[in-house]
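Have a look at the structure below, then the notes.
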Amino acid sequence: MNGINNTAVADQKNGYDLPKTVGIIFSDVKREYFPTEEAYITEKDAEKDAEVIASYLEKMNIKPLLYPGNAVLSERLRKDKPEMVINLVDSVKGYEYLSSSIPGILEILDIPYTGADILGKSLDTNKFLVKKLLQQNGIPIPDYQLFSNYNDHLDPSLRFPLISKLNEIHGGVEITKDCISENEKHLRDRIKYLVTTYKQSVLVEEFIVGREVTAILLEGINKKVYIAEKVFNKEEDKYKFTTFEDQWESHGKTPFYYEKYDDPILREYVKKAFDVSRMYDYGKFDIRIDQSGRYFFVDANCNPAFGPKELDVAISSILDLYGVSFIEILKRLMVNTMNDAIGKELIPYPQPEYNSIH
Numbered sequence: 000m001n002g003i004n005n006t007a008v009a010d011q012k013n014g015y016d017l018p019k020t021v022g023i024i025f026s027d028v029k030r031e032y033f034p035t036e037e038a039y040i041t042e043k044d045a046e047k048d049a050e051v052i053a054s055y056l057e058k059m060n061i062k063p064l065l066y067p068g069n070a071v072l073s074e075r076l077r078k079d080k081p082e083m084v085i086n087l088v089d090s091v092k093g094y095e096y097l098s099s100s101i102p103g104i105l106e107i108l109d110i111p112y113t114g115a116d117i118l119g120k121s122l123d124t125n126k127f128l129v130k131k132l133l134q135q136n137g138i139p140i141p142d143y144q145l146f147s148n149y150n151d152h153l154d155p156s157l158r159f160p161l162i163s164k165l166n167e168i169h170g171g172v173e174i175t176k177d178c179i180s181e182n183e184k185h186l187r188d189r190i191k192y193l194v195t196t197y198k199q200s201v202l203v204e205e206f207i208v209g210r211e212v213t214a215i216l217l218e219g220i221n222k223k224v225y226i227a228e229k230v231f232n233k234e235e236d237k238y239k240f241t242t243f244e245d246q247w248e249s250h251g252k253t254p255f256y257y258e259k260y261d262d263p264i265l266r267e268y269v270k271k272a273f274d275v276s277r278m279y280d281y282g283k284f285d286i287r288i289d290q291s292g293r294y295f296f297v298d299a300n301c302n303p304a305f306g307p308k309e310l311d312v313a314i315s316s317i318l319d320l321y322g323v324s325f326i327e328i329l330k331r332l333m334v335n336t337m338n339d340a341i342g343k344e345l346i347p348y349p350q351p352e353y354n355s356i357h
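For the sequence shown, numbering that gives the first Met the number 0 puts the final residue at 357, and the numbers step up evenly by one.
Dropping the structure here:
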């Protein structure tokens, strides 16, 4: 993102500059940081995943430097002076909202980095605010309500079934079959459990029955959108969506697979959503499609899970359908980050202007 360092080396085969040293910052994970085992599971392999990414950098003749995102990070970065950083941090001391401190450190040290800046990371950990941003900019979303307590007034315009989500935590935590409510009693019991356990607000929205697609936006010279439909192997399930178990406890099973999906209207929505939610370099969006073919954005992630296809993350699995390898993803991110850092030293950040999408 920001910062400037001109000591890059040219990749002769592809004709663009790549850095010689790249830092990889990952979440410093300890079980006591997290309120539940489920929340811990989503990050427990952070260091191992960073090591896998480091092995790809080594194949590209780039020296990787690995750093846990903890109290000595700034000291180590100041000593090593990596040319840029891949920021993989999802939480600090178990709190996702503290992950915005990592871009802050990198900004102070003038080190270019991948992914969202302080504002983008802060927004990402408040799903309610992102919903507001999308809604105000004409991007279709389901009707929703934020609950701070289980006995808050329920908006009578909301239609069951409703899905309840933690407002500040990603990774599919508590997205189980029990997160769908068909009546008010179940919903209030569900909200009470979430608020009591995680000490945070709960976002409730109308569940869109239908299909689901995932869109990845990857920046380079241009913004490119790659979309895939999730084809579920869940014939017995009344509601088909990706659960926590699907993401983290499938144990080799395939609850869904990806198929290419494309629609120029949806691509434009994704580009707009990417900008208004202050994402950079790459982002991920989950979109439901109702029986009438209407789109509803149900989740937005800056700095989504990153890694090669063997780590079973959406960005590589989906781009692989389009013939884009993880090496190519890395190259695009690194070149974009280094070039963006130079450009931001020269010109102010332009505020996007949009017309309505019909």
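Idealized CB from N, CA, C, for every residue including glycine.
Practice problem: Look up V172 in the DSSP assignment and give the residues it is bridged to. | Solution: According to DSSP, V172 bridges with nothing at all.
Quiz item: For L193, which residues of its own chain have a beta-carbon under 7 Å away from its beta-carbon, when the five flanking residues on both sides are left out?
Solution: S163, L165, E173, V201
Quiz item: Apart from the five residues just before and just after A49, which ones in its own chain have a Cβ nearer than 7 Å to its Cβ?
Solution: I23, F25, L65, L87
Self-check item: Supposed contact pair T242 and P34 - C-beta distance, whole angstroms, cut 8 Å
Solution: By a beta-carbon distance limit of 8 Å, P34 does not contact T242. Their separation comes to about 19 Å.
Exercise. Out of K330, E106, Y225, point me to the one whose CA is closest to I286's CA.
Key: Y225
Quiz item: Which word fits D245, buried or exposed, when buried means at least 16 other C-beta atoms lie within 10 angstroms of its C-beta?
Solution: buried
Quiz prompt | Alpha-carbon spacing of E367 relative to Y279, whole angstroms | solution = This structure cannot speak to residue 367, because the chain is shown only from 0 to 357.
Quiz item: Are the segment 292-299 and the segment 125-139 in contact at 8 Å, needing three or more beta carbon pairs?
Solution: yes
Quiz item: Can you tell me whether DSSP reads P303 as helix, strand or coil?
Solution: coil
Practice problem: Could you tell me if F159 is buried or exposed, where buried requires 16 or more neighbouring beta carbons within 10 angstroms of its beta carbon? | Solution: Burial call: exposed.
Exercise. Determine the direct distance from the alpha carbon of F284 to that of G171, and round the result to whole angstroms.
Key: Spanning the two alpha carbons is a distance of roughly 13 Å.
Quiz prompt | Per-residue DSSP class, three states only, for V297 | solution = strand
Exercise. With a cut-off of 8 Å on the beta carbons, I'd call I168 and E95 a contact; round off their distance for me.
Key: 6 Å
Self-check item: Pairwise C-alpha distance: T336 and E31
Solution: The alpha-carbon atoms of E31 and T336 are separated by roughly 34 Å.
Quiz item: Under three-state DSSP, which class holds M337?
Solution: helix
Practice problem: Identify which residue in R210, K191, N221, K270 has its Cα closest to the Cα of I138. | Solution: K270
Exercise. Out of K222, K252, N221, T213, state which residue places its alpha-carbon closest to the alpha-carbon of N232.
Key: K252
Quiz item: In this structure, does DSSP put L17 in helix, strand or coil?
Solution: Here L17 sits in strand by DSSP.
Exercise. Assign I317 to one of two classes, buried (16 or more other C-beta atoms within 10 Å of its C-beta) or exposed (fewer than that).
Key: buried
Self-check item: Local Cβ density within 10 Å of Y112, reported as buried at 16 or more and exposed below that
Solution: buried
Quiz item: Y143 and V203 look like a contact to me (Cβ under 8 Å); what is the Cβ gap, rounded to whole Å?
Solution: 6 Å
Self-check item: Touch test, the segment 113-124 against the segment 50-65, Cβ-Cβ under 8 Å, three pairs minimum
Solution: no
Practice problem: Specify the secondary structure class of G282 as computed by DSSP and reduced to three states. | Solution: strand
Self-check item: Classification of Y294 by the beta-carbon crowding that lies within 10 angstroms, buried from 16 upward
Solution: Residue environment analysis places Y294 among the buried positions, since at least 16 neighbouring C-beta atoms fall within 10 angstroms of its C-beta.
Quiz item: So D289 packs on I207, CB below 8 Å; how close in whole Å?
Solution: 5 Å
Exercise. Rank E327, V91, R277, K78 by C-alpha distance to the C-alpha of I110 and give the top, closest one.
Key: K78
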